[in-house]
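K.L.:
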Amino acid sequence: MILIGQYDSPFVRRVAVAMSIYGLSFEHRPWSTFSDAPQVSRFNPLTRVPTLVLDGGESLIESDAIIDYLDELAGPQNALYPPGGPARRKAMRICALSAGVADAAVSLFYEKVFHREPSEALTERRREQIARGLDALEAERKATTTPFWFGARPGHADIMVACALRFLREAHPTLFDASARPALAVHAVRCEGLPAFRDHAQAFVPPA
Ligand SMILES: N[C@@H](CCC(=O)N[C@@H](CS)C(=O)NCC(=O)O)C(=O)O
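Per the numbering used here, the very first residue in the sequence shown carries number -6; after that it's consecutive.
(1) For my contact list, Leu45 and Val10 are in at a C-beta cut-off of 8 angstroms; report their separation, rounded to the angstrom.
(2) Can you name the start and end residues of the alpha helix (DSSP H) that Arg35 belongs to?
(3) Give me, in chain order, the residues of the same chain whose beta-carbon lies closer than 8 angstroms to that of Ala84; leave out the 5 immediate sequence neighbours on both sides.
(4) In terms of alpha-carbon separation, which member of Val33, Ser18, Phe19 lies closest to Ser25?
(5) Just tell me which of Ala176, Pro31, Phe27, Leu53 has its CA closest to the CA of Met(-6).
(6) Is Arg41 near ligand 1, with its Cβ less than 7 angstroms from a heavy atom?
(7) Counting only the same chain and skipping the five closest in sequence on each side, list residues whose C-beta sits under 6 angstroms from that of Gln97.
(8) Determine the extent of the alpha helix (DSSP H) in which Arg118 is found, giving its start and end residues.
(9) Could you work out which residue in Pro23, Glu55, Ala181, Val99 is closest to Pro38 when comparing CA atoms only?
(10) For a test of the three-state rule: what should DSSP assign to Val10, helix, strand or coil?
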């Protein structure tokens, strides 16, 4: 399998970390959706990442669809989502909230670089989405006493939250105040210390 995209993308990184925890080997093509757009669009007509190319040549796009495939490969005993019921729905909600924070952070970044004068209304809307998403995640994490969201080992919810937080802090340093979100700050440190996270990381460097 070939994973396309750079690890400064929270969505590419969540896939790489999950593959690493599952022990699935893959080749990595750290192609940029901008400077390597022609290569990326050969595998994904939307020129977006992550894109996972399977050994038979099929391309999977969208991190949720890729994760679904990885879970199938890993099998129900090992899957990084709880198997069903309220815990599974909660894990999906945490993933959706943190992916939403990451989406808003990416959109805010594009707004800055693509427009000479960023829209104030859109910027405000995205900042509010990020703040409210973080509030919800902080409250949920605070109410959890286990080392990771659903027990002793990290799952998809932990991964997506940590990847979203890292991108947010690097792309928009003022939008995450660790002292105001202590449970999330501890969560990030715990995840980033694991080999799967350490081995699949690339600092996001905003263009000068
Ligand atoms: N919902 C998508 C989001 C992926 C995404 O936002 N990818 C960004 C990089 S972080 C991208 O490909 N941007 C290029 C573009 O949209 O033009 C997923 O989960 O895979």
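Virtual Cβ for every residue (Gly too), placed ideally from N, Cα, C.
P.N.:
Reading from the atomic positions:
(1) Counting from one through the sequence shown, the residue named residue 45 turns up at place 52. Counting from one through the sequence shown, the residue named residue 10 turns up at place 17. Actually they do not touch by this definition, with Cβ atoms about 14 angstroms apart.
(2) Against the sequence shown, residue 35 aligns to sequence position 42. In the DSSP assignment, Arg35 falls within the alpha helix (DSSP H) that extends over 30 to 36.
(3) The sequence position of residue 84 within the sequence shown is 91, counting from 1. Around Ala84: Tyr74, Pro75, Trp142, Phe143, Gly148, His149, Ala150.
(4) Position 32 of the sequence shown, counted from the start, is the residue given in the question as residue 25. Nearest option by C-alpha distance: Val33.
(5) As a working mapping, residue -6 is identified with position 1 in the sequence shown. Comparing Cα-Cα distances from Met(-6) to each of Ala176, Pro31, Phe27, Leu53, the minimum goes to Leu53.
(6) Your numbering for residue 41 matches position 48 in the sequence shown. Arg41 Cβ: within cutoff of ligand 1.
(7) One-based indexing of the sequence shown puts residue 97 at position 104. A quick correction: the sequence has Ala, not Gln, at residue 97. Scanning its chain for C-beta atoms nearer than 6 angstroms, with the 5 sequence neighbours on each side dropped, one finds around Ala97 the residues Arg119, Gln122, Ile123, in chain order.
(8) By one-based count along the sequence shown, residue 118 stands at place 125. Per DSSP, Arg118 belongs to the alpha helix (DSSP H) from 113 to 135.
(9) One-based indexing of the sequence shown puts residue 38 at position 45. Cα-wise, what sits closest to Pro38 is Glu55.
(10) Translated into positions along the sequence shown, residue 10 becomes position 17. Note: Val10 maps to helix in three-state DSSP.
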